[in-house]
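Undergrad: What follows is a structure written as structure tokens; I'll ask about it next.
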Amino acid sequence: MEDKIICVPGQRLCLSDDEHVSGSGTYERQGYIYATVAGVVDLVKQDKGFLVQVHNKEQSIVPMPGDVVTCKVNVINQRLCRCSITCIGDTVLMRPFRAILRKEDVRATEKDSIEMQKCFRSGDIILAKVLPMKEIHSYQITTAENELGVVIAHSESGGVSMVPISWTEMQCPKTYNREFRKVAKVGPENIVID
Amino acid sequence: MPSDSKRITGPETTIPYHYYLSDFSRKPDFKDPKVGERKNGRLPNEHRPVFLKTGVNSQAKGSAYLEYENTKVICSVFDPREIPNKNEFSPMGELYCEFKFAPFSCIKRRGHIRDAEEKELSFSLRRALEPAVCRHEFPNFQVDIYVYILDSDGSDLAAAITCASLALADASVPMYDLVTAVSVGICRHLQFVDPTNEEEQLCKKTASAESIDPQAVITLTYMSTLEQVSEFTISGTIGVCHLEDKIPALIKHCNAIYPLLQQCLIKNVKKSLGKKKYS
Amino acid sequence: MASVLLNDAEKTFILHGVEVDLRCDGRRRGDYRPMELETDVVSTASGSARLRLANTDILVGVKTEIDVPYPENPEEGKLEFFVDCSANATPAFEGRGGEDLANEISSRLSRAYQSLPLAPLCIVPKQACWKLYVDILILECGGNFYDAISLAVKAALFNTRVPQVTGSFLDGGSVDLEVSDDPFQCWRLDITKAPVLVTLSKIGDNCVVDPTAEEETCSVASIVVAVLDSGSLTAVIKIGEGSVHEQTLIETIKTAQKIGVELNSSLMTALNQEESLGPKRQRFGFLK
Amino acid sequence: MAHSIRLASERVDFSVPSDKAPPQLFTPGMVISQESGFMRGHGTYGEDDSIKASVAGIVDRVNKLVVIKPLKSRYNGEIGDVVVGRITEVQQKRWKVDTNARLDATLFLYSVNLPGGELRRRSVEDEQMMRKYLTEGDLISAEVQNINSDGSLSLHTRSLKNIKYGKLGQGMLIKVFPSLIKRQKTHFHNLPCGASIILGNNGFIWISPVINAEEEHGGFTINLEDAVPKSVREVMVRLRNSINALAASKILLFDTSIQYAYDQSKKYSVVELLNPEVMLDVAVMTQHQLQMLE
Chain F
1 MEDKIICVPG QRLCLSDDEH VSGSGTYERQ GYIYATVAGV VDLVKQDKGF
51 LVQVHNKEQS IVPMPGDVVT CKVNVINQRL CRCSITCIGD TVLMRPFRAI
101 LRKEDVRATE KDSIEMQKCF RSGDIILAKV LPMKEIHSYQ ITTAENELGV
151 VIAHSESGGV SMVPISWTEM QCPKTYNREF RKVAKVGPEN IVID
Chain V
1 MPSDSKRITG PETTIPYHYY LSDFSRKPDF KDPKVGERKN GRLPNEHRPV
51 FLKTGVNSQA KGSAYLEYEN TKVICSVFDP REIPNKNEFS PMGELYCEFK
101 FAPFSCIKRR GHIRDAEEKE LSFSLRRALE PAVCRHEFPN FQVDIYVYIL
151 DSDGSDLAAA ITCASLALAD ASVPMYDLVT AVSVGICRHL QFVDPTNEEE
201 QLCKKTASAE SIDPQAVITL TYMSTLEQVS EFTISGTIGV CHLEDKIPAL
251 IKHCNAIYPL LQQCLIKNVK KSLGKKKYS
Chain Y
1 MASVLLNDAE KTFILHGVEV DLRCDGRRRG DYRPMELETD VVSTASGSAR
51 LRLANTDILV GVKTEIDVPY PENPEEGKLE FFVDCSANAT PAFEGRGGED
101 LANEISSRLS RAYQSLPLAP LCIVPKQACW KLYVDILILE CGGNFYDAIS
151 LAVKAALFNT RVPQVTGSFL DGGSVDLEVS DDPFQCWRLD ITKAPVLVTL
201 SKIGDNCVVD PTAEEETCSV ASIVVAVLDS GSLTAVIKIG EGSVHEQTLI
251 ETIKTAQKIG VELNSSLMTA LNQEESLGPK RQRFGFLK
Chain A
1 MAHSIRLASE RVDFSVPSDK APPQLFTPGM VISQESGFMR GHGTYGEDDS
51 IKASVAGIVD RVNKLVVIKP LKSRYNGEIG DVVVGRITEV QQKRWKVDTN
101 ARLDATLFLY SVNLPGGELR RRSVEDEQMM RKYLTEGDLI SAEVQNINSD
151 GSLSLHTRSL KNIKYGKLGQ GMLIKVFPSL IKRQKTHFHN LPCGASIILG
201 NNGFIWISPV INAEEEHGGF TINLEDAVPK SVREVMVRLR NSINALAASK
251 ILLFDTSIQY AYDQSKKYSV VELLNPEVML DVAVMTQHQL QMLE
């Protein structure tokens with residue numbers, strides 16, 4: 001704990017060279033890396049040298065293209081569903097951001113036969129990836145990857161959390177009713193938290 | 001703070017009693033002050049003691065309180081939010097700055113709705129902070145910065161800028177550098193670094209229309225690591241020749257305040273690290 | 001500012017142009033575009049002026065009205081600036097769109113004009129004074145508002161005629177104001193203490209005067225300097241979101257001061273020349 | 001001399017004397033013809049058995065069709081026109097382009113040549129990369145492909161043999177009235193004075209250094225490193241000011257008139273070309289030279 005380097009915005013951290021690359025919480029100017037937030041300097045080992053980062057617990061973040069986000073589904077219609085982003089990576093947001101998931105971004109294959117109602121229901125919690133921003137005021141997200149899609153859904157009848165039984169179906173443990181969803185393959189590393 | 005049109009704002013025709021004091025209307029005396037002597041015993045180029053504190057408002061993302069003796073400023077910074085009423089894509093985030101005097105902070109009572117002076121100071125505040133904030137990190141969003149002058153005794157803008165910079169850092173808004181600001185009042189051969197209200201009045205009042213003596217208040221905002229001036233305002237009349245030595249002098253003062261902000265932030269980080277250890 | 005959409009290639013082109021001292025319209029860094037000035041264009045105003053700087057078009061009208069002095073300055077008149085960014089200039093100003101810019105300009109103008117002595121505008125101390133309303137209308141915008149507006153304002157103030165009014169105390173402390181019967185018995189303001197503003201826009205490593213709207217988009221920071229006839233500065237304002245180095249700042253202010261003095265004298269030459277045409281000269285206004 | 005303040009009395013009238021009689025001008029509501037048998041075209045309306053003008057302009061009769069051509073208008077596109085436009089918006093699979101028309105034109109993703117060959121399929125990645133190809137503010141030269149039912153234009157930038165449409169690099173844009181651009185076989189010119197010019201039918205004129213035809217860069221990467229040499233820049237600036245002089249005096253713009261104006265402007269310095277008197281002189285001399293040609 002004692003040997004941690006604490007820095008403040010504008011503080012020069014090190015030379016920017018082949019071995020030190022500017023990461024989050026830092027910026028590069030005229031061959032040096034500087035800090036942009038007050039926090040603790042962290043060197044992350046990469047294949048070549050280090051990624052210099054500054055960590056700060058409370059840093060406000062906004063979704064950036066490529067980020068994996070956790071969203072809650074709000075409204076669904078035939079073309080798209082509106083969600084609100086509640087987490088970016090493993091950071092919980094203070095206030096949610098609006099996002100749109102279009103029909104063609106639900107899955108990578110058989111795009112023509114997608115029915116939104118058979119993929120999501122309002123109230124579902126989904127994992128998605130942020131697409132490059134095109135319009136103001138809403139992010140576009142995609143679930144067109146195996147690891148993306150619904151992670152938590154409640155059954156229509158029982159209101160209990162359902163368990164996935166295939167890529168497209170989830171089952172209610174109480175009523176054994178099956179419902180259609182675009183199910184995410186949650187890897188074991190995501191389940192183990194802490 | 002949304003301006004509340006339904007609030008009853010007392011009669012506007014009231015006049016503070018100070019104007020009826022016998023010595024108020026008298027033009028300030030110029031002959032008396034000896035060089036190197038100010039009312040409170042300060043040297044001409046001596047800054048008032050600085051008190052800084054962060055995290056004074058738990059509701060805000062970041063906040064700071066600053067005190068230069070009787071000048072007291074509080075500032076809150078909030079999380080980025082979507083820019084209201086905007087329809088086009090903006091690759092750079094925006095800063096929304098609101099500079100407000102508390103109604104009781106000045107000799108004359110201030111209204112609840114921002115007046116022209118407060119709006120102008122808000123502009124200056126924004127100009128001073130904009131170059132220091134990494135605005136590309138929150139495209140399409142704005143960060144709200146609210147500065148409240150609780151007690152005004154000169155150097156309000158400088159105090160507000162320094163305070164807001166600290167609050168931004170406390171809110172972990174990414175910044176290229178911290179900014180600090182210092183004012184100097186000039187009146188004839190006299191100069192007052194970090195002027196009090198009284199000294200500011202002396203420097204602002206046009207003694208006689210014919211005089212060509214310099215009389216001005218200069219405020220300079222500086223980013224010490226980047227060595228850049230982010231905001232610079234003069235009000236008053238001054239020759240170019242005076243600026244050449246005043247600007248470097250002001251920068252020196254800014255550089256002197258800079259480490260205080262740094263220390264304040266380091267203390268903060270240490271505190272939060274300590275907390276983590278126990279939790 | 002009402003910004004123009006430009007892409008990187010155009011910006012680069014402008015930037016390189018400033019570097020080699022040949023701007024996109026052939027000017028060097030220190031050149032102004034041709035300006036055109038006419039005073040006394042509005043018959044109902046006490047003073048007015050219209051200034052066209054390339055396609056920036058500014059109309060200024062000065063109204064004189066009687067008011068009570070501020071209690072803190074009982075022996076001075078009042079001067080107030082109002083800027084109207086009319087939707088004539090650009091649809092972006094429609095509704096409240098131009099309000100921010102208008103507020104910014106007017107507050108900065110009043111700061112720069114603090115040097116103008118207001119004591120002559122006092123009629124009866126504590127009781128009555130003249131209030132000058134300087135209304136600025138932006139009719140067309142082609143960059144460089146501050147310079148154009150300040151020139152137009154100064155010309156309008158030069159043109160302003162304040163009626164001769166005498167005040168006398170009546171019994172009971174009330175004041176009686178008497179306006180001279182002769183409508184031509186007026187006095188004029190001394191505008192030697194009125195500044196002109198010079199904007200220097202930093203583009204790349206150099207500064208240019210009189211930026212066009214396109215150049216303004218390329219510039220990250222501009223310094224506006226208010227300069228009096230005597231060469232004294234009455235205000236320095238930074239506009240734009242960038243920052244400048246201290247040396248640049250000092251150099252810029254020095255350059256601006258020199259230009260400001262020249263600009264002041266050119267303006268006075270033009271005004272005197274127009275004056276010499278006599279009161280019966282033809283008014284062109286918006287025609288021809 | 002760094003600045004000049006002129007008086008309104010010195011204002012210059014930009015109109016160039018012409019020996020031709022001015023055409024009759026119709027104003028909205030004016031009766032054009034009361035005879036029957038005419039067809040109403042654009043800019044007219046019928047009332048009480050007569051054809052009246054709905055815009056201010058000059059009449060144009062083609063057989064039985066009566067059209068009023070407005071003096072001043074936004075750009076009315078025609079298929080095959082060359083236009084210069086600015087991207088204003090990136091949307092789903094399309095860009096919106098400001099072409100000085102009443103509505104923004106549309107440029108579909110499938111109407112552009114993407115790097116990697118003509119026949120490449122437009123993938124989802126391309127859709128997400130759209131902002132990388134063309135983003136807000138970028139200038140393009142394009143051809144009008146179609147006019148939609150609402151009057152907006154569809155553009156394409158698929159280059160033909162010798163015409164190269166697409167993203168524009170370093171240079172300057174001038175905006176003039178669309179009616180001042182003379183319709184010609186080609187609107188792309190490499191002028192002998194050493195600059196390249198695109199006269200968009202929509203009134204947007206693009207001046208750039210001479211484009212090397214051999215250069216192959218897929219069309220979407222722009223070289224921002226190399227500065228345009230000062231000598232070339234001077235030619236471009238002079239061209240710009242000459243064109244502005246012609247436009248101020250309402251002289252039709254095409255390669256010959258521009259070349260003449262450029263030659264006439266040689267006796268003045270580039271900065272002098274901003275002065276109204278000089279602009280008028282250049283315009284008058286050009287007009288004169290053009291008349292000699294006829």
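Line by line, the protein sequences give chains F, V, Y and A.
So the first sequence is numbered by UniProt numbering: it starts at 1 and just counts up by one.
So the second sequence is numbered by UniProt numbering: it starts at 1 and just counts up by one.
So the third sequence is numbered by UniProt numbering: it starts at 1 and just counts up by one.
So the fourth sequence is numbered by UniProt numbering: it starts at 1 and just counts up by one.
In this text, a Cβ means the ideal position worked out from N, Cα and C, and glycines have one as well.
None of the values given here were measured: they were computed from a predicted structure.
#1: Using a Cβ-Cβ cutoff of less than 6 Å, which residues in the same chain neighbour N113(A) once the five nearest sequence positions on both sides are dropped?
#2: Where do the ends of the alpha helix (DSSP H) carrying H112(V) lie?
#3: With three or more C-beta pairs closer than 8 Å as the rule, is the stretch 123-135 of chain Y touching the stretch 73-81 of chain Y?
#4: Could I get the ranges of all uninterrupted beta strand (DSSP E) runs contained in the UniProt domain "RRP4 S1" (74-146) of chain A, with 3 residues as the minimum, in chain order?
#5: CA-CA distance, H47(V) and P248(V)?
#6: Taking only the alpha-carbon atoms, compute the straight-line gap between Y260(A) and I191(Y) and give it to the nearest angstrom.
#7: For a contact defined as C-beta to C-beta under 7 Å, what are the partners of P132(F) on chain A?
#8: Which residue wins for smallest C-alpha separation from V229(V), given the options R27(Y), V179(Y), T217(Y), I250(Y)?
#9: Which first and last residues belong to the alpha helix (DSSP H) in which Q291(A) is found?
#10: Could you please tell me which residues of the stretch 165-199 of chain A, in chain order, have their CB closer than 9 Å to any CB of chain Y?
#11: Under 7 Å between beta-carbons, which chain A residues line up against V199(Y)? List them in chain order, please.
#12: In whole angstroms, what is the alpha-carbon distance linking V16(A) and I243(A)?
#13: Suppose you measure from the CA of E178(Y) to the CA of T166(Y); what does that come to, to the nearest Å?
#14: List, from N- to C-terminal side, the alpha helix (DSSP H) runs of 4 residues or more that fit wholly inside the stretch 116-171 of chain Y.
#15: If you count every other CB in all the chains shown that lies within 10 Å of the CB of Q262(V), and 16 or more means buried, which is it?
#16: May I have a chain-ordered list of the beta strand (DSSP E) segments no shorter than 3 residues that lie completely inside the stretch 187-261 of chain V?
#17: Under 7 Å Cβ-Cβ, which residues of chain A neighbour G142(Y)?
#18: Flag S235(V) as yes if its beta-carbon sits less than 9 Å from any beta-carbon of chain Y, otherwise no.
#19: By alpha-carbon positions, which one of G236(V), T221(V), F232(V), Y222(V) ends up nearest to V227(Y)?
#20: Whose CA, out of T162(V), L243(V), G185(V), lies closest to the CA of C254(V)?
#21: So with CB distances below 7 Å, who are the chain V contacts of V236(Y)?
#22: Taking the straight line between their C-alpha atoms, what separation do you get for P120(Y) and W187(Y)?
#23: Using a Cβ-Cβ distance under 9 Å, would A64(V) count as near chain F?
#24: Expressed to the nearest angstrom, what Euclidean distance is found between the alpha-carbon atoms of E10(Y) and V4(Y)?
#25: Can you tell me where the alpha helix (DSSP H) with V261(Y) in it begins and where it stops?
#26: List, in chain order, every chain Y residue whose beta-carbon is nearer than 8 Å to that of G239(V).
#27: List the DSSP bridge partners of M39(A).
#28: What does the alpha-carbon distance come out to for the pair N241(A) and M39(A)?
#29: Among residues of its own chain, excluding the 5 on either side of H20(F), which ones have a beta-carbon nearer than 7 Å to its beta-carbon?
#30: Could you tell me which residues DSSP puts in a beta bridge with A99(F)?
#31: Which residues in the same chain have their Cβ closer than 8 Å to the Cβ of L290(A), if we skip the five residues on either side of it in sequence?
#32: Out of L153(A), H42(A), N76(A), Y75(A), state which residue places its alpha-carbon closest to the alpha-carbon of R61(A).
#33: Just the C-alpha distance for I152(F) and I125(F), rounded to the nearest angstrom, thanks.
#34: Which same chain residues, not among the five before or five after R161(Y), have their C-beta less than 8 Å away from its C-beta?
#35: Report the rounded CA-to-CA distance for I218(V) versus E104(Y), giving the unit in angstroms.
#36: Quick one: list the residues of chain Y neighbouring V82(A), beta-carbon separation under 7 Å, in chain order.
TA: Taking the coordinates as given:
#1: Within the fourth sequence, residue 113(A) is the residue found at index 113, counting from 1. So the qualifying residues of the chain are R158.
#2: For the purposes of this step, residue 112(V) is taken as residue 112 along the second sequence, with counting starting at 1. Per DSSP, H112(V) belongs to no alpha helix (DSSP H) and is neither H nor E.
#3: yes
#4: 82-91, 94-98, 105-108
#5: On the second sequence, position 47 is the one that residue 47(V) refers to. On the second sequence, position 248 is the one that residue 248(V) refers to. Those two C-alpha atoms are separated by around 15 Å.
#6: Here residue 260(A) refers to the residue found at position 260 of the fourth sequence. Here residue 191(Y) refers to the residue found at position 191 of the third sequence. Roughly 48 Å separates the two Cα atoms.
#7: Position 132 of the first sequence, counted from the first residue, corresponds to residue 132(F). Within 7 Å Cβ-Cβ: Q128, R131.
#8: Position 229 of the second sequence, counting from 1, holds the residue named residue 229(V). When only C-alpha atoms are compared, the closest one is I250(Y).
#9: Residue mapping note: residue 291(A) aligns to position 291 of the fourth sequence, counting from 1. Taken as a continuous stretch (DSSP letters only), the alpha helix (DSSP H) holding Q291(A) covers 276-293.
#10: K167, L168, G169, Q170, G171, M172, L173
#11: Along the third sequence, one-based indexing puts residue 199(Y) at 199. Note that residue 199(Y) is Thr in the sequence shown, not Val. Residues of chain A passing the Cβ test: none, with the nearest at roughly 13 Å.
#12: For the purposes of this step, residue 16(A) is taken as the residue at position 16 of the fourth sequence. For the purposes of this step, residue 243(A) is taken as the residue at position 243 of the fourth sequence. C-alpha separation (whole angstroms): 15 Å.
#13: Start at 1 with the first residue of the third sequence, and residue 178(Y) comes out as number 178. Start at 1 with the first residue of the third sequence, and residue 166(Y) comes out as number 166. Each residue's alpha carbon lies about 5 Å from the other.
#14: 145-159
#15: The residue you call residue 262(V) lines up with position 262 of the second sequence. Buried.
#16: 190-193, 215-223, 228-238
#17: Here residue 142(Y) corresponds to residue number 142 of the third sequence, with the count starting at 1. Within chain A, no residue comes near G142(Y); the closest Cβ sits about 12 Å away, beyond 7 Å.
#18: Position 235 of the second sequence, counted from the first residue, corresponds to residue 235(V). So, interface residue.
#19: Your numbering for residue 227(Y) matches position 227 in the third sequence. Residue G236(V) is the option with its Cα nearest to V227(Y).
#20: Residue mapping note: residue 254(V) aligns to position 254 of the second sequence, counting from 1. That would be T162(V), whose Cα lies nearest to the Cα of C254(V).
#21: As a first step, residue 236(Y) must be located in the third sequence, where it is residue number 236. In chain order: F232, T233, I234.
#22: On the third sequence, residue 120(Y) is found 120 positions in, with the first residue counted as 1. On the third sequence, residue 187(Y) is found 187 positions in, with the first residue counted as 1. Between the alpha carbons of P120(Y) and W187(Y) lies a distance of about 10 Å.
#23: Translated into positions along the second sequence, residue 64(V) becomes position 64. So, not an interface residue.
#24: Locating residue 10(Y) in the third sequence gives position 10, counting from the first residue. Locating residue 4(Y) in the third sequence gives position 4, counting from the first residue. Rounded to whole angstroms, the separation of the alpha carbons of V4(Y) and E10(Y) is 12 Å.
#25: The residue given as residue 261(Y) occupies position 261 in the third sequence. It spans 246-276 - the alpha helix (DSSP H) in which V261(Y) sits, taken as one unbroken run.
#26: Along the second sequence, read from residue 1 onward, the residue named residue 239(V) stands at position 239. By Cβ distance, chain Y contributes G231, S232, L233.
#27: The residue you call residue 39(A) lines up with position 39 of the fourth sequence. DSSP lists L65(A) as partners of M39(A).
#28: Residue mapping note: residue 241(A) aligns to position 241 of the fourth sequence, counting from 1. Residue mapping note: residue 39(A) aligns to position 39 of the fourth sequence, counting from 1. N241(A) and M39(A): Cα-Cα distance of roughly 42 Å.
#29: The count along the first sequence starts at 1 and reaches residue 20(F) at position 20. Once the five neighbours on either side are set aside, the close Cβ partners of H20(F) are C14, I33, G49, F50, V52.
#30: As a first step, residue 99(F) is located in the first sequence; it is residue number 99 there, counting from the start. Note: A99(F) sits in a beta bridge opposite C83(F), Y139(F).
#31: For the purposes of this step, residue 290(A) is taken as the residue at position 290 of the fourth sequence. Result list for L290(A): I251, T256, S257, Y260, in chain order.
#32: Here the question's residue 61(A) lines up with position 61 in the fourth sequence. Taking the Cα of R61(A) as reference, the smallest distance to any Cα among L153(A), H42(A), N76(A), Y75(A) is reached at H42(A).
#33: In the first sequence, residue 152(F) corresponds to position 152, counting from 1. In the first sequence, residue 125(F) corresponds to position 125, counting from 1. Using only the alpha carbons, I get a separation of about 5 Å.
#34: The count along the third sequence starts at 1 and reaches residue 161(Y) at position 161. Cβ neighbours of R161(Y) beyond the five flanking positions: S46, G47, C186, W187, R188.
#35: The residue given as residue 218(V) occupies position 218 in the second sequence. The residue given as residue 104(Y) occupies position 104 in the third sequence. Rounded to whole angstroms, I218(V) to E104(Y) spans 19 Å at the Cα level.
#36: Translated into the one-based positions of the fourth sequence, residue 82(A) becomes position 82. Near V82(A) there are no residues of chain Y at all, since even the closest Cβ is about 20 Å away, more than 7 Å.
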